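Undergrad: The structure that follows is given in the form of structure tokens.
Protein chains in written order, with the working numbering: chain A, -11 to 338; chain B, 37 to 376.
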């Protein structure tokens, strides 16, 4: 059972297993263990970003492609739901339509980008995707009639998912629409994460690894690398789109800053590399660590910064807004010294 | 002895054969094609000057990137940081020179701007040296890691800019004598744009002379074609790498300073914002080609200004369209270089 669920790809480290189980339990029971809006927001964000980062890892860690268009697909998911709900009203039909359209659009764009530019070298692909993503961002802010421009779209969800809808009480916690939304996000992300785990442990995933390790030799063995890369690109795009859809459902909002911005692309890179490239579990650790740091490290840094108030420059280095600086340093150290990130470190220790 | 005497001659002949005029002709063709679309001649002149000025600034920022790629096979995704740092360097000097900037005479303005620009170049060059030494050197030859490492450098140094100069935007007023416009015929031409064109042309000319008429330039060009061969002839290609990287960063700093004065403000993100356009220019020109980069920058600058006037919503889209069209025509860019 467990073997099938995890596609025979176990954490292979006791410490890692403990951490993963802890994260899973914490996320699964978040509404009951950590009541409160802020912590539930953090939990939902972790779930969404685990999926987003795992789908990016399929590209970066398993196939060895650097794409900067991942937030674009994230955004397509968000805007697909957002536009459908805002224009057609809060019904399940609109939600389904938005989801379907977003997935189809992502698939078509990923296919086009893949076929046109995955034949060339990694650097070229990275540059092209950066340009395409920038173009998409401009497009989203310019078509303000459709997308709400810089303000984004706020929309209402179907009756069942609204915070006001109270179903019943469970262990003293009110089971309301917010909770139902949370579990849609959680189980959606979990299911897709397991699906991605299945993909990377399939024969297809093994070919991707061989392409990453030695492109020339894989081709000599008879694998069409462009096809494999394009399929990987499409799967990753679909994963990101679903993440975008779930995030939009959770936030009841879609806008450039929550989905499309280049900062999110940088966040994803940080999560993948710090968690561990080429290990799906790395995305769980990376995303959890990052979102927690984003929300709680600042409080710690504020304490440290206030403590050092009199010194020159040091308080600035520890200013709460500079938390990204330290994650950036960690990122660089990871790329140099432990390219398989935290997961690789834990596995090496056993 | 005879070899050395013969080399420049052969060089000149090869250069003459190899010049490919078609991409170069695209610039005036694009400008003339826009004339009937824009309609009025004075507007067209204004737009063209603006486009050329923008192109020159983009060229300054992009040339280092393309040269570094050509020589070292390194695509620096943190190139935008050099632009930002140059801009901050210039802003730091300029804000201390208020009196000279408000004096109103060109000489006083220049006495403020020249140190500012020199500071920008020095600061960006220094940062470039650090980048090459510490960050990029361990990952030569590994593209994936290069992209990741330079992205990491981008994150860290963007944050460090915030640490040193603060997180807020710094307004940067232009010196008084080069603000405003003068009237030529019926067209209003901003003074600063003319200055940008002059500086850009000077940089291009200096680069062209350095690359084509000096021994160092010869080595750099040879290194772009075949680095192992240059090394086997006894030259230390590493030193060449460092030199080109520092020079490229310095140029980006200069471009950043000019760009900041053009925008009249400085932010840490400005480099990253221009980077997309720079990538488009570098791809259009052919990775590694300085001449292609120049032509590409002019095309992009003109295109952005014409479409900005004709169809404002399409401004950035037009550059992507331009890139797609050019790649359909020449898949490796206007002037393809050996290994790209």
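Every residue, glycine too, gets a C-beta built ideally from N, C-alpha and C.
Note that the structure is predicted; figures quoted are calculated from it, not measured.
Tell me, please, whether the region 120 to 131 of chain B touches the region 70 to 87 of chain B by the rule of three or more beta-carbon pairs shorter than 8 angstroms.
TA: No, the region 120 to 131 of chain B does not touch the region 70 to 87 of chain B.
Undergrad: Would you call residue 56 (chain B) buried or exposed, if buried means 16 or more other Cβ atoms sit within 10 Å of its Cβ?
TA: Exposed, by the Cβ-count rule.
Undergrad: With DSSP as the reference, label residue 301 (chain B) as helix, strand or coil.
TA: DSSP places residue 301 (chain B) in strand when its eight states are reduced to three.
Undergrad: Would a check of beta-carbon distances place residue 159 (chain B) closer than 8 angstroms to chain A?
TA: No, residue 159 (chain B) does not count as interfacial toward chain A.
Undergrad: Write down the C-beta distance between residue 339 (chain B) and residue 358 (chain B) rounded to the nearest angstrom, noting that I regard them as a contact closer than 8 angstroms.
TA: About 5 angstroms separates the two Cβ atoms, so the contact holds.
Undergrad: Indicate whether at least one CB of chain B lies closer than 8 angstroms to the CB of residue 309 (chain A).
TA: Output row for residue 309 (chain A): interface = yes.
Undergrad: Closer than 7 angstroms, Cβ to any Cβ of chain A: which residues of the region 102 to 135 of chain B, in chain order?
TA: Flagged, chain order: 111.
Undergrad: When the Cα atoms are used, what is the spatial distance from residue 365 (chain B) to residue 113 (chain B)?
TA: If I take the Cα positions, the gap works out to 26 angstroms.
Undergrad: With 16 other CB atoms within 10 Å as the buried threshold, where does residue 355 (chain B) fall?
TA: Its Cβ being crowded by 16 or more others within 10 Å, residue 355 (chain B) is buried.
Undergrad: Hey, would you say residue 71 (chain B) sits closer than 8 angstroms to residue 130 (chain B), going by beta carbons?
TA: No, they are not a contact pair.
Undergrad: Which value, in whole angstroms, describes the spacing of the CA atoms of residue 196 (chain A) and residue 217 (chain A)?
TA: Roughly 7 angstroms between the two C-alpha positions.
Undergrad: Using the three-state DSSP reduction, which class does residue 142 (chain A) fall into: helix, strand or coil?
TA: Correct three-state label for residue 142 (chain A): strand.
Undergrad: Should the region 102 to 110 of chain A be called in touch with the region 170 to 189 of chain A, which here means at least 3 C-beta pairs below 8 angstroms?
TA: Touching, no, given that fewer than three Cβ pairs across the two stretches are closer than 8 angstroms.
Undergrad: Can you tell me where the beta strand (DSSP E) with residue 30 (chain A) in it begins and where it stops?
TA: Unbroken run through residue 30 (chain A) is the alpha helix (DSSP H), 25 to 45; no beta strand (DSSP E).
Undergrad: Here's the rule: buried if 16 or more other CB atoms are within 10 angstroms of the residue's CB, otherwise exposed. What is residue 73 (chain B)?
TA: Burial call: exposed.
Undergrad: In the DSSP assignment, what are the bridge partners of residue 283 (chain A)?
TA: Partner(s): none; residue 283 (chain A) has no beta bridge.
Undergrad: If you count every other CB in all the chains shown that lies within 10 Å of the CB of residue 204 (chain A), and 16 or more means buried, which is it?
TA: Per the 10 Å Cβ criterion, exposed.
Undergrad: If the cut-off is 9 angstroms on Cβ atoms, which residues from the region 175 to 206 of chain B count as contacting chain A, listed in chain order?
TA: Listed by position, the residues of the region 175 to 206 of chain B near chain A (Cβ gap below 9 angstroms) are 175, 179, 180, 181, 182, 183, 184, 185, 187, 188, 189, 190, 191, 192, 193, 194, 195, 196, 198, 199, 200, 202 and 203.
Undergrad: Which ranges does the alpha helix (DSSP H) cover as unbroken runs of at least 4 residues, wholly within the region 149 to 228 of chain A, from first to last along the chain?
TA: Fully enclosed alpha helix (DSSP H) runs of 4 or longer: 165 to 188, 191 to 201 and 203 to 208.
Undergrad: Anyone know if the C-beta pair for residue 65 (chain A) and residue 90 (chain A) falls short of 8 angstroms?
TA: Yes.
Undergrad: Is the region 226 to 236 of chain A touching the region 34 to 44 of chain A in the sense that three or more CB pairs, one from each, lie closer than 8 angstroms?
TA: Cβ pair count under 8 angstroms is three or more, so yes.
Undergrad: Which two residues bound the contiguous alpha helix (DSSP H) that contains residue 218 (chain B)?
TA: Looking at the DSSP string, residue 218 (chain B) is not in any alpha helix (DSSP H); the run it does join, the beta strand (DSSP E), is 217 to 220.
Undergrad: Using DSSP with H/G/I as helix, E/B as strand and the rest coil, what is residue 59 (chain B)?
TA: Residue 59 (chain B): helix per DSSP, three-state reduction.
Undergrad: Using a 10 Å radius around the Cβ and a threshold of 16 neighbouring Cβ atoms, would you call residue 238 (chain A) buried or exposed?
TA: Per the 10 Å Cβ criterion, buried.
Undergrad: Of all the residues that make up the region 244 to 264 of chain A, which are near chain B by a beta-carbon distance shorter than 8 angstroms?
TA: Correct list: 250, 254, 257, 258 and 261.
Undergrad: CA-CA distance, residue 118 (chain B) and residue 292 (chain B)?
TA: Rounded to whole angstroms, residue 118 (chain B) to residue 292 (chain B) spans 8 angstroms at the Cα level.
Undergrad: Counting along the chain, where does the beta strand (DSSP E) carrying residue 214 (chain B) start and finish?
TA: Here residue 214 (chain B) belongs to no beta strand (DSSP E), and DSSP marks it neither H nor E.
Undergrad: Relative to the ligand GTP, is the shortest distance from any of its heavy atoms to the C-beta of residue 176 (chain A) smaller than 7 angstroms?
TA: The ligand GTP is absent from the structure shown, which contains no ligands of any kind.
Undergrad: For residue 209 (chain B), name the three-state secondary structure that DSSP assigns.
TA: Coil at residue 209 (chain B), not helix or strand.
Undergrad: Can you give me the Cβ contacts of residue 16 (chain B) inside the same chain, cut-off strictly under 7 angstroms, excluding the 5 residues immediately before and after it?
TA: Lying outside 37 to 376, the shown extent of chain B, residue 16 (chain B) is not represented and no answer is given.
Undergrad: Could you tell me the distance, in whole angstroms, from the CA atom of residue 71 (chain A) to the CA atom of residue 222 (chain A)?
TA: Their backbone Cα atoms lie some 23 angstroms apart in a straight line.
Undergrad: What are the boundary residues of the alpha helix (DSSP H) that includes residue 261 (chain B)?
TA: Per DSSP, residue 261 (chain B) belongs to the alpha helix (DSSP H) from 251 to 261.
Undergrad: With the cut-off set at 8 angstroms, would you say residue 324 (chain B) and residue 233 (chain B) are in Cβ contact?
TA: Cβ distance not < 8 angstroms, so residue 324 (chain B) and residue 233 (chain B) don't count as in contact.
Undergrad: Can you tell me whether DSSP reads residue 241 (chain A) as helix, strand or coil?
TA: Here residue 241 (chain A) sits in strand by DSSP.
Undergrad: Need the endpoints of the beta strand (DSSP E) that residue 226 (chain B) sits in, please.
TA: Note, residue 226 (chain B): beta strand (DSSP E), 223 to 226.
Undergrad: Can you tell me where the alpha helix (DSSP H) holding residue 67 (chain A) begins and where it ends?
TA: 58 to 76 is the extent of the alpha helix (DSSP H) around residue 67 (chain A).
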